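Numbering (the numbering used here), first residue to last: -12 to 325.
Here a beta-carbon is modelled for each residue, glycine too, at the ideal position from N, C-alpha and C.
Note that the structure is predicted; figures quoted are calculated from it, not measured.
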Ligand code: NAD
Ligand code: WQD
């Protein structure tokens, strides 16, 4: 019996597979490496000293996906595969809808056919939209502001419908807040293409000298220091949350949306200061205009994760900054040098 991990070579997938292998769970990965490198999976094996099986397969390729279901006895699926760049999704909505939604439908059809009804799906706090107040609870009304976010919302809806048609499914929709950091070995981490969109990879690239300075988007939000507040969560805590979700679905039928965050908000300036102190590195920055589509404050109510999964995030913002920096310093070019 094995767990199928789609998109397992990516940032969150690779960290999650470390946790799965360390819990002695057999893992089969499919990834088309559109936003990752197979080297990440070699590193996962180096960290854990355990083997996994990986296929270079696009989830849109139904025949190849079916072969994976034929080759292995799959007991559950963790579905990370998807495109995730918000700005790109605005420019290329069809690519996003096709890849994320059609890809997911192909996967769910095969799961149905092979009677694999246990699923952990990577959703996002982006489904809470712009107007809900924090702390965000799972039962709030959902809305989205870009095609990427809409794919997450639609896939959640599709899964609700699948469950309503067949109540033997066991599904958890994990709504991640802002995952940052890296495995403490420094061997795996976030490896964005081109100019990073997100705060922490931008900060680490300024730290290493790849970029001159950070632009802080907005200083007039209704927050303690005027800069945006987010719920940053260490990627290893997030990865452990998947293991807890997997344990949960083996015992519970139904479909549950669950936030994965720390429940604490930190401002952009706090992130910069914590990073500088933890790593003894200076991060030059300038204040820029607000980034369109951003909200002032976004953090999770994490009581449902604690209650249902028995999971809480343990790592501090300082841990996140230190571990992100270790990965960036050890591999300034990400995985490409290998
Ligand atoms: P990532 O891009 O590092 O990983 C996604 C993986 O999926 C990549 O390895 C990519 O090559 C693969 N992939 C994409 N399309 C595929 C396809 N058609 N077939 C096979 N493989 C495919 O992203 P991540 O940060 O690890 O995110 C994982 C999941 O979590 C994504 O679904 C993302 O939308 C979601 N998520 C991420 C964040 C975040 O801030 N990182 C926040 C909320 C939700
Ligand atoms: C964090 C804070 C920025 C970059 C995004 C997606 C969301 C989810 C997680 C997938 C904000 C500020 C950023 C910079 C800055 N992904 N910032 N300068 O926007 O909260 O969430 O990633 O589901 O869908 O939208 O994360 O890291 O981009 O921004 O000042 O160069 O840092 O304004 O306040 P965000 P982020």
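Restricting attention to alpha helix (DSSP H) runs no shorter than 4 residues, the segment 190 to 242 encloses them at 222 to 238, ordered along the chain. By the CB criterion at 7 Å, residue 15 and residue -9 fall inside the cutoff. Only exposed fits residue 78, as fewer than 16 other CB atoms lie within 10 angstroms of its CB. Using a cutoff of 6 Å, the CB of residue 197 does not count as near ligand 2, since none of the ligand's heavy atoms is closer than that. Residue 67 has its CB nearer than 6 Å to a heavy atom of ligand 1.
With contacts defined as CB atoms closer than 7 Å, residue 17 and residue -7 qualify as a contacting pair. Inter-segment contact for the segment 19 to 34 and the segment 254 to 261 is absent: fewer than three beta-carbon pairs are separated by less than 8 Å. Each of 193, -11, 73, 54 was checked against the Cα of residue 11, and the nearest Cα belongs to -11. Assignment of residue 2 by DSSP, reduced to helix, strand and coil, places it in the helix class. Between ligand 2 and residue 283, a heavy atom-to-CB distance of less than 6 Å is absent. DSSP places residue 56 in the uninterrupted alpha helix (DSSP H) bounded by 49 to 58.
The beta carbon of residue 51 is closer than 6 Å to those of 44 in its chain, skipping five residues each way along the sequence. Shortest Cα-Cα distance from residue 222 to any of 238, 182, 164, 179 involves 164. Taking a C-beta distance under 7 Å as the contact criterion, residue 166 and residue 220 qualify as a contact pair. The beta carbon of residue -4 sits closer than 6 Å to at least one heavy atom of ligand 1. Rounded to whole angstroms, the separation of the alpha carbons of residue 206 and residue 132 is 22 Å.
A direct Cα-Cα distance of roughly 14 Å separates residue 107 from residue 144.
Each residue's CA atom was taken as its position, placing residue 234 and residue 199 some 45 Å apart. In the three-state reduction of the DSSP assignment, residue 244 falls in the strand class, which pools E and B. Relative to ligand 1, the nearest heavy atom lies less than 6 Å away from the CB of residue 163. Looking only at 139, 59, 130, the smallest Cα-Cα distance to residue 92 is reached by 139.
Contact between the segment 184 to 203 and the segment 298 to 313 is present, with at least three C-beta pairs closer than 8 Å. DSSP, read as helix, strand or coil, puts residue 151 in helix.
Counting along the chain, the unbroken alpha helix (DSSP H) around residue 77 starts and ends at 73 to 78. According to DSSP, residue pairing for residue 166 in a beta bridge involves 220. No heavy atom of ligand 2 is found nearer than 6 Å to the CB of residue 321. Look at residue 92 here: in three-state DSSP terms it is helix. Taking non-hydrogen atoms of ligand 1 into account, the C-beta of residue 18 is found less than 6 Å away from one of them.
The continuous beta strand (DSSP E) containing residue 40 extends over residues 40 to 43.
Within 6 Å of the C-beta of residue 99 there is not a single heavy atom belonging to ligand 2. Annotation: residue 54 to residue 5 spans about 25 Å, alpha carbon to alpha carbon. Between residue 80 and residue 25, the beta carbon gap of about 29 Å keeps them out of contact (Cβ cut-off 8 Å). The nearest non-hydrogen atom of ligand 1 is 6 Å or more from the C-beta of residue 220. About 5 Å separates the beta carbons of residue 243 and residue 159, which is inside the 8 Å limit, making them a contact pair. The C-alpha of residue 119 lies about 40 Å from the C-alpha of residue 34. Where residue -7 is concerned, the enclosing beta strand (DSSP E) starts and stops at -11 to -7.
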